[in-house]
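Residue numbers (our numbering): 6 to 80. Read through the structure below, which is laid out as structure tokens, and then see the notes.
If you want it as structure tokens, here you go:
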């Protein structure tokens, strides 16, 4: 669905998901064993943010799918 049609846009959501993934990756490269509780909490927060954006992106894609549901993975 496009913004011109009055619906949500997939592009910005995908962009934010990618940004969240990049931030998570940057954080992972800073961790050296042993990692402390603050580092683990930050990773948990980043992964939750990344998952949230991924869920939103998947839901937007599902809007254009038959039955309005994103198909299950074959993996």
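Each residue gets a CB set at the ideal place from its N, CA and C atoms; glycine is no exception. Predicted model only: the values in this text are computed from it and were never measured.
A direct Cα-to-Cα measurement between residue 24 and residue 13 gives close to 19 angstroms. In the displayed model, residue 16 falls within a helix according to three-state DSSP. Our two residues, residue 41 and residue 35, have alpha carbons roughly 12 angstroms apart in a direct line. Taking every protein chain shown into account, the CB of residue 18 has 16 or more other CB atoms within 10 angstroms, so this residue is buried. Taking each of 74, 26, 62 in turn and checking the Cα distance to residue 51, the smallest one comes out for 26. Closest in alpha carbon position to residue 78, among 38, 63, 29, is 63. No Cβ-Cβ contact shorter than 8 angstroms links residue 58 with residue 28.
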